[in-house]
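Colleague:
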Amino acid sequence: MDWKTLLCQERTRETHRQTEERRSEIVRDHGRAVFSTPVRRLQDKAQVFPLEPIDAVRTRLTHSMEVSSVARDLAHAVAAKLFEGKIVDSQQAYEIEMIAATVGLIHDIGNPPFGHAGEKAIQDWFEEHPKVFKKFPKKSERLKKDFLKFEGNAQTIRLLAKLQILSDRSGLNLTYATLSAACKYTANSLEIGKPKNQHDRSKLGYFTSEDDLIKNIRSKTGTAGSRNPITFLAEASDDIVYSAVDVEDGVKKGVLSWGERQVGNAKQRIYSERSIQAGQIRAILDAKADEIGEDILADTPAEFLTAHSSRHTATAQWLAMKWFVRHWFD
1 MDWKTLLCQE
11 RTRETHRQTE
21 ERRSEIVRDH
31 GRAVFSTPVR
41 RLQDKAQVFP
51 LEPIDAVRTR
61 LTHSMEVSSV
71 ARDLAHAVAA
81 KLFEGKIVDS
91 QQAYEIEMIA
101 ATVGLIHDIG
111 NPPFGHAGEK
121 AIQDWFEEHP
131 KVFKKFPKKS
141 ERLKKDFLKF
151 EGNAQTIRLL
161 AKLQILSDRS
171 GLNLTYATLS
181 AACKYTANSL
191 EIGKPKNQHD
201 RSKLGYFTSE
211 DDLIKNIRSK
221 TGTAGSRNPI
231 TFLAEASDDI
241 VYSAVDVEDG
251 VKKGVLSWGE
261 RQVGNAKQRI
271 YSERSIQAGQ
281 IRAILDAKAD
291 EIGEDILADT
301 PAEFLTAHSS
311 RHTATAQWLA
321 MKWFVRHWFD
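Per full-length UniProt numbering, the sequence shown runs over residues 1 to 330.
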């Protein structure tokens with residue numbers, strides 16, 4: 001890889017550019033992300049605590065803004081070293097920062113309601129309804145694996161590339177440089193876990209519908225089947241932010257204190273993925289039955305209500321499926 005190729009300014013579709021425009025295409029990507037509908041939708045998605053009435057507790061939007069800030073700071077430090085070593089020029093150093101900031105902002109836009117629990121709800125629905133894949137006999141097996149391994153990061157790529165803006169089949173039409181850095185995982189559904197113990201191939205990176213796009217991204221940026229270096233900075237920023245501020249939100253909610261023992265056990269008490277996405281989600285939804293509202297419960301089909309021990313867990317699955325249908329076919 002080399003930085004000149006990685007910082008590819010081309011877009012999936014040529015776009016009109018004002019003659020007086022002084023921003024590079026990569027810098028313009030950040031503005032497109034900030035003003036996009038998928039980013040705005042993050043304000044109603046939970047970071048840790050769903051249906052949260054306390055306005056000081058983070059939503060997925062405030063989390064993403066913080067990740068974007070940290071990602072830009074990390075990239076600034078890295079780019080400064082590259083500039084000192086004469087590996088990149090000053091403009092390229094700035095563009096590395098902007099890509100990191102953009103990826104930090106958009107990294108969660110593909111996540112369904114309730115995060116990993118929503119992903120699991122979508123996976124479970126398709127596992128229970130295998131007949132839907134028979135409508136596409138030529139791609140049945142690959143599509144089945146796509147949805148049984150449904151992943152928010154793959155949905156992020158689909159949103160960026162196709163679903164926004166609706167009048168443009170190229171989506172937000174970001175540069176190949178930014179799209180490359182947004183690809184957190186590199187495997188399709190047939191490649192997951194191959195080889196073993198390789199993090200970037202541990203989950204679904206993109207759907208069948210984005211095969212051609214991924215080929216173009218890899219060709220234009222020279223990444224082949226590897227991760228873009230900026231992707232590591234964005235992922236590290238996400239880890240840094242949530243490992244610190246999720247605990248802070250727990251303190252605000254009163255479920256944790258600043259005592260060393262409680263904070264030290266925070267992961268086991270509430271922040272471990274299995275706990276928060278399974279038992280905690282169910283407990284929170286059950287406790288907030290009145291806040292969910294009978295109008296939402298009334299909209300939940302009877303088969304969802306009878307298939308779950310908790311009607312509010314059923315509602316969570318129904319909301320996740322409604323989100324999926326809306327944002328897959330939009």
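We put the CB at the ideal spot given by N, CA and C, even for glycine.
Given the structure is predicted, the values throughout are model-derived calculations rather than measurements.
1) Strictly under 8 Å for the Cβ-Cβ distance: is residue 119 near chain C by that measure?
2) What's the gap between the Cα of residue 330 and the Cα of residue 136?
3) Out of 99, 222 and 5, state which residue places its alpha-carbon closest to the alpha-carbon of residue 31.
4) Pick from 254, 111 and 182: whose alpha carbon is nearest that of residue 151?
5) In the DSSP assignment, find the alpha helix (DSSP H) that holds residue 228 and state where it starts and stops.
6) If distances are taken between C-alpha atoms only, which option among 155, 132 and 57 comes closest to residue 251?
7) I need the straight-line Cα distance from residue 119 to residue 85, nearest angstrom please.
8) Using a Cβ-Cβ cutoff of less than 8 Å, which residues in the same chain neighbour residue 89 once the five nearest sequence positions on both sides are dropped?
9) Under 8 Å by Cβ, that's how I've got residue 209 and residue 142 pegged, so tell me the actual separation to the nearest angstrom.
10) Using the three-state DSSP reduction, which class does residue 22 fall into: helix, strand or coil?
11) Could you tell me whether the Cβ atoms of residue 182 and residue 163 are closer together than 8 Å?
12) If we count the other Cβ atoms within 10 Å of its Cβ and call it buried at 16 or more, is residue 35 buried or exposed?
13) According to DSSP, is residue 117 part of a helix, a strand, or is it coil?
14) Just to confirm my understanding: we take residue 64, look at its own chain, exclude 5 residues before and 5 after, and list those with CB closer than 6 Å. What are they?
15) Go to residue 376, then tell me how far its alpha helix (DSSP H) extends in each direction, as first and last residue.
16) Can you tell me which of 187, 203 and 103 puts its alpha carbon nearest to the alpha carbon of residue 29?
17) Is it the case that the Cβ atoms of residue 231 and residue 176 are separated by a distance below 8 Å?
18) How is residue 79 classed by DSSP in three states: helix, strand or coil?
19) Starting from residue 202, trace the alpha helix (DSSP H) both ways and give me its first and last residue.
20) Which residue's Cα is closest to the Cα of residue 145: 127, 75, 153 and 156?
21) How far does the alpha helix (DSSP H) with residue 179 in it reach, from first residue to last?
22) Taking the alpha-carbon positions, what's the residue 39 to residue 132 distance?
23) With DSSP as the reference, please indicate the residues paired to residue 46 in a beta bridge.
24) When you compare the stretch 69-82 with the stretch 235-246, are there three or more beta-carbon pairs, one atom per stretch, that lie closer than 8 Å?
25) Alpha carbon to alpha carbon, what distance is there between residue 170 and residue 178?
26) Assign residue 198 to one of two classes, buried (16 or more other C-beta atoms within 10 Å of its C-beta) or exposed (fewer than that).
27) Out of curiosity, what's the CA-to-CA distance linking residue 79 and residue 174?
28) Is it right to say residue 244 is buried, meaning 16 or more other beta carbons lie within 10 angstroms of its own, or is it exposed?
29) Ignore the nearest five residues each way along the sequence and tell me which others in residue 74's own chain have a CB closer than 8 Å to its CB.
30) With burial defined as no fewer than 16 other Cβ atoms inside 10 Å of the residue's Cβ, what is the status of residue 77: buried or exposed?
31) Are the CB atoms of residue 201 and residue 223 within a distance shorter than 8 Å?
32) Nearest-angstrom Cα distance between residue 123 and residue 129?
Modeller: Walking through what the data contain:
1) The structure shown contains no chain C, having only a single protein chain.
2) The residue labelled residue 330 in the question sits at position 330 within the sequence shown. The residue labelled residue 136 in the question sits at position 136 within the sequence shown. With a pLDDT of 45 at residue 330, under the threshold of 50, the modelled position of that residue is not reliable, and no figure is offered here.
3) By one-based count along the sequence shown, residue 31 stands at place 31. Distances from the CA of residue 31 to each of 99, 222 and 5 were compared; the closest alpha carbon is that of 99.
4) Along the sequence shown, read from residue 1 onward, the residue named residue 151 stands at position 151. With distances taken between Cα atoms, residue 151 lies closest to 111.
5) The count along the sequence shown starts at 1 and reaches residue 228 at position 228. First-last for residue 228: undefined, no H or E at that position.
6) Indexing the sequence shown from 1 puts residue 251 at position 251. The option with the nearest alpha carbon to residue 251 is 57.
7) Residue 119 sits at position 119 when you count from the first residue of the sequence shown. Residue 85 sits at position 85 when you count from the first residue of the sequence shown. The straight-line gap from Cα to Cα measures roughly 43 Å.
8) For the purposes of this step, residue 89 is taken as the residue at position 89 of the sequence shown. If we look at residue 89 and ignore the five residues flanking it on each side, its Cβ neighbours are 83.
9) The residue you call residue 209 lines up with position 209 of the sequence shown. The residue you call residue 142 lines up with position 142 of the sequence shown. The Cβ separation is near 10 Å, so there is no contact.
10) One-based indexing of the sequence shown puts residue 22 at position 22. In this structure, residue 22 counts as coil in the three-state DSSP scheme.
11) Numbered from its first residue, the sequence shown carries residue 182 at position 182. Numbered from its first residue, the sequence shown carries residue 163 at position 163. No. Outside cutoff.
12) Within the sequence shown, residue 35 is the residue found at index 35, counting from 1. So residue 35 ends up on the exposed side.
13) Indexing the sequence shown from 1 puts residue 117 at position 117. Collapsing the DSSP output to three states places residue 117 in a helix.
14) Translated into positions along the sequence shown, residue 64 becomes position 64. Hits under 6 Å: 42, 105 and 108.
15) Only positions 1 to 330 of the chain appear in the structure, and residue 376 is not among them; the question remains open.
16) For the purposes of this step, residue 29 is identified with residue 29 of the sequence shown, where counting begins at 1. The option with the nearest alpha carbon to residue 29 is 103.
17) In the sequence shown, the residue the question calls residue 231 occupies position 231. In the sequence shown, the residue the question calls residue 176 occupies position 176. Not in contact: residue 231 and residue 176 (Cβ atoms no closer than 8 Å).
18) Taking the sequence shown and counting its residues from 1, one reaches residue 79 at position 79. Correct three-state label for residue 79: helix.
19) Numbered from 1 along the sequence shown, position 202 holds the residue referred to as residue 202. It is not in any alpha helix (DSSP H) - residue 202 carries neither H nor E in the DSSP assignment.
20) Numbered from its first residue, the sequence shown carries residue 145 at position 145. Out of 127, 75, 153 and 156, 127 has the C-alpha closest to the C-alpha of residue 145.
21) Locating residue 179 in the sequence shown gives position 179, where the first residue counts as 1. It spans 176-182 - the alpha helix (DSSP H) in which residue 179 sits, taken as one unbroken run.
22) Here residue 39 refers to the residue found at position 39 when the sequence shown is read from its first residue. Here residue 132 refers to the residue found at position 132 when the sequence shown is read from its first residue. So the alpha carbons of these two residues sit roughly 30 Å apart.
23) Counting from one through the sequence shown, the residue named residue 46 turns up at place 46. Answer by DSSP bridge pairing, in chain order: 59.
24) Yes: the two stretches touch, three or more of their Cβ pairs being nearer than 8 Å.
25) Mapped onto the sequence shown, residue 178 falls at position 178. Mapped onto the sequence shown, residue 170 falls at position 170. Residue 178 and residue 170: Cα-Cα distance of roughly 14 Å.
26) Here the question's residue 198 lines up with position 198 in the sequence shown. Exposed, because fewer than 16 other Cβ atoms sit within 10 Å of the Cβ of residue 198.
27) Here residue 79 refers to the residue found at position 79 of the sequence shown. Here residue 174 refers to the residue found at position 174 of the sequence shown. The straight-line gap from Cα to Cα measures roughly 21 Å.
28) Position 244 of the sequence shown, counting from 1, holds the residue named residue 244. Label assigned to residue 244: exposed.
29) The sequence position of residue 74 within the sequence shown is 74, counting from 1. These residues qualify, in order along the chain: 100, 233, 236 and 237.
30) Here residue 77 refers to the residue found at position 77 of the sequence shown. Flag for residue 77 reads exposed.
31) Position 223 of the sequence shown holds residue 223. Position 201 of the sequence shown holds residue 201. No.
32) If you number the sequence shown from 1, residue 123 lands on position 123. If you number the sequence shown from 1, residue 129 lands on position 129. One C-alpha to the other measures close to 10 Å.
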